[in-house]
Every structure is written in C-alpha cells, then in structure tokens.
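J.: All residue numbers for the sequence shown refer to my numbering, where the first residue is 688 and numbers rise by one. One structure coming up, written as structure tokens, with questions to follow.
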Amino acid sequence: MITSNRLPVLALDIGGTKLAVAVVTDDAQCHGLLVEPTRRDEGPGPILDRLFAMGQAAIDTAGPVAGVGISCGGPLRRADGILTGPLHLPGWVDIPIVAMAEERFGVPATLENDATAAALGEYRYGAGRSTSTMVYLTLSTGIGGGAVIRGQLHRGAADNGGEFGHILVRSGGRRCLCGRLGCLEIYASGSSIAERAREAVAERGDTSSLAGIEDLRAEHVSAAAEAGDPLAVDLWTETTDLLASGITDLVNILEPDLVVLGGGVTRAGSLLLDPLRRDVLRDAMPPAAAAVRIEFAELGDVVCVVGAAASAFDFLDSLATASARESARA
C-alpha cells in the first residue's frame, strides 16, 4: 500500500539485459515492480511496446503517477529527451523516448543516463547518504558511472558525463564498443569478463573447470577463481588489477568520500571488493586514499529504477518552481 502524501512516479529502466519498471514513492519504495528480458535483437519498436505495457501494468497495480522517469545508457540528449544511439542497444538511433512516454502516460517525463540515475539513487537513498562527494560505478553488461560532487549531480556539458567505463586502462588493448583500444569496460564489465574467459578456455583451458560451460558468464569465472582454478585466477586478477587502476584515477581526480560499486559483477563479494580496496588505497595519492571508502551499492537490482524515480521527482520539482515563478511575475 502506498502511504506517501506525494503522488508517486513511474520509473522505466532500459538495460541491455533487462527491462525494469515500478511505481516509486518519494521514500524509494517500489510498487508493482516488473522485470523482463530486453531481447534487444527485437529492435526499438517491439521493446518499447513491451516497456510501456509493463509501465501501464505497474500503474494498474499501484495507482496513478505524477510523472515518468526513464533511465537508459547513452549517448543521449537529456534536454531533448532523445536516445541518440545507446551503445548497448544497436539500432536505437534518435528515439524520442520522452515524447513517446508523455503521449502514452499523459504526464511529464524526463530522461537520465542510467548510471547517472543510479548514482543519484545511491546518493539519496542508498550507500551514499550523508556523503558530500560520491563516485558510482555499475559493473554490469557494460560499465557506467556517475558522480555527485559536493551534493550536486554531475551530468556534464552534454548530459553524458560519467562514462567511467571508457577510462583507458591498457593502451593498445582490446577494442571497446566505443572504438577505442583498452577501455576499462572491455576488461571489467560482466560481458567482457565472460568473453575473455571464452577466449582463454579456447586457447589454453582444456583442464580448466570453465571448459564445457556452454553459457559462460562472469559469475562462473569468479566462482572458479575462488575455488583456485589457475586460468580463472589469472582472469580475475587481471580484472581486479585493471578495475583498481581505473578507480584509483577517479579517486585521485575527484577525491570522493565514497566510491560505490553496483551491478551484477559485484555478486562476487569480497573476491572483488578486497583486492580493489587494497590496491586503490595503496596506489591513490595519500590524502585521497585517507579520505575514501569503497563500498557496494545498497539498492541492489532496483538501483536504476529508484534513480530514474529520483530524477523524475527532481524534474517535477523544477516544473513546479518554474510555474510558481511565472505566477509571481504575472
């Protein structure tokens, strides 16, 4: 039951692996939560039809909403409400997602980069509460990020800031979806860990416990590494080394109180967190190392849903403020 005095919002999260929707109240409670596979090979039309149908189902379950918050990976044009070409959604070019959502649901809508939304959600409702400067990285199908700097969400000049997955960690390394060689994402995202593991098994893994796993995923690699499989240990060590290198750069540049890690790769638990803490605190500049904590996200699988909702609440507040100013001038 929704008990908040403020009308909730509908949150729509468009991920490379899954779609998630919920009606969210201003205390971050999710109602009517629905999750489905994205099935991105279907293309934008069928996927958006399913997404909006899920949104309507959530409203039918939880009640009316005041607005819609949409989170999706970039590139995007937030001010125009357009997905210009998300890297995790091939074929999604110049999709006017905000206009489509407003037409479908009849309330104001806003668009946010998914990792920026997640950063806002964790800052306001999760691990980042009571911090001033926080960096968030999601380690999932890809690697995204966001930052809150002295209490202000950083979006960048073109609303696509926080692309921490495209920090260069190995010059001349593997080719990333963005076209560069050696990005963090192409080594430490869940899909990239799995791809590197498949290649390693094909080259030298006949005796590895990873051999013969048909749908090889990052969680198989972390589990095998924890069990001492030499090939998996090598893969996992490379992953944490390069991830620590990227995080160290962020810590040195932004000097945050807190680095928050979310996404499916974090299910590895201490196997991931312990070496990251050790290496970042060892390698960061001493003042930055002394100031920072590294923790897992608290909001779990609904982080982007809650973040999209937080963005929608902020957007509705800005509309109300603008309307009040217009009335005062009239």
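All residues carry an ideal CB built from backbone N, CA and C; glycine is no exception.
Taking C-alpha atoms, which residue in Ala931, Leu941, Ala978 lies nearest to Leu960?
T.: Among Ala931, Leu941, Ala978, the Cα nearest to that of Leu960 is on Ala931.
J.: Thinking C-alpha only, which one of Gly933, His718, Glu890 is nearest Ser876?
T.: For the residues Gly933, His718, Glu890, the minimum Cα distance to Ser876 belongs to Gly933.
J.: Three-state secondary structure (DSSP) at Glu985?
T.: It is coil, neither helix nor strand.
J.: Lys705 to Ala995, Cα distance in whole Å?
T.: For Lys705 and Ala995, the distance between alpha carbons rounds to 15 Å.
J.: Within the same chain, show all residues whose beta-carbon is closer than 6 Å to that of Leu864, passing over the 5 residues directly before and after it, in chain order.
T.: Result list for Leu864: Leu774, in chain order.
J.: Taking only runs that begin and end inside the stretch 903-955, name each unbroken beta strand (DSSP E) of 3 or more residues, in chain order.
T.: You should have 945-949.
J.: Curious, which full-length beta strand (DSSP E) runs of at least 3 residues does the stretch 714-791 contain?
T.: Segments of the beta strand (DSSP E) lying fully in the stretch 714-791: 717-724, 755-759.
J.: How would you write the range of the alpha helix (DSSP H) that Thr1008 sits in, first residue to last?
T.: Residues 990-1016.
J.: Is the CB-CB distance between Ser957 and Ala804 below 8 Å?
T.: Taking 8 Å as the Cβ cut-off, Ser957 and Ala804 do not qualify as a contacting pair.
J.: So what does DSSP say about Arg867, is it helix, strand or coil?
T.: Coil at Arg867, not helix or strand.
J.: Nearest by alpha-carbon distance to Gly815: which of Gly949, Met741, Pro751 is it?
T.: Nearest C-alpha to Gly815: Gly949.
J.: From which residue to which residue does the alpha helix (DSSP H) around Gly877 run?
T.: Residues 877-891.
J.: Report yes or no: do three or more beta-carbon pairs, one from the stretch 740-756 and one from the stretch 792-802, lie closer than 8 Å?
T.: Cβ pair count under 8 Å is three or more, so yes.
J.: State the beta-bridge partners of Tyr823 as determined by DSSP.
T.: Note: Tyr823 sits in a beta bridge opposite Gly833, Val947.
J.: Would you kindly report the start and end of the unbroken alpha helix (DSSP H) that includes Leu963?
T.: From DSSP, the alpha helix (DSSP H) with Leu963 extends over 957-970.
J.: Run through the DSSP bridge pairs and tell me what Glu799 is partnered with.
T.: DSSP output for Glu799 lists Ser758 as bridge partner(s).
J.: Apart from the five residues on each side of it in sequence, which residues of its chain come closer than 6 Å, Cβ to Cβ, to Tyr810?
T.: Excluding sequence neighbours, Tyr810 sits near Met821, Val835.
J.: Considering just the uninterrupted stretch of the beta strand (DSSP E) at Ala707, what are its terminal residues?
T.: 705-711 is the extent of the beta strand (DSSP E) around Ala707.
J.: Tell me the residue span of the beta strand (DSSP E) that contains Ala698.
T.: That run of the beta strand (DSSP E) goes 696-701.
J.: What three-state label does DSSP hand Arg1045 in the structure shown?
T.: The first residue shown for the chain is 688 and the last is 1017, placing residue 1045 beyond what the model contains.
J.: Since Ala709 and Val990 should fall inside the 8 Å C-beta cutoff, what is the C-beta to C-beta distance between them, to a whole number of angstroms?
T.: That pair is no contact at about 12 Å.
J.: Please go through the same chain and pick out, in chain order, the residues whose beta-carbon is closer than 6 Å to the beta-carbon of Leu824, but skip the five residues on each side of it.
T.: Cβ neighbours of Leu824 beyond the five flanking positions: Gly832, Phe851, Leu948.
J.: Starting from Leu840, follow the beta strand (DSSP E) in both directions and report where the run begins and ends.
T.: Looking at the DSSP string, the run of the beta strand (DSSP E) that includes Leu840 is 839-841.
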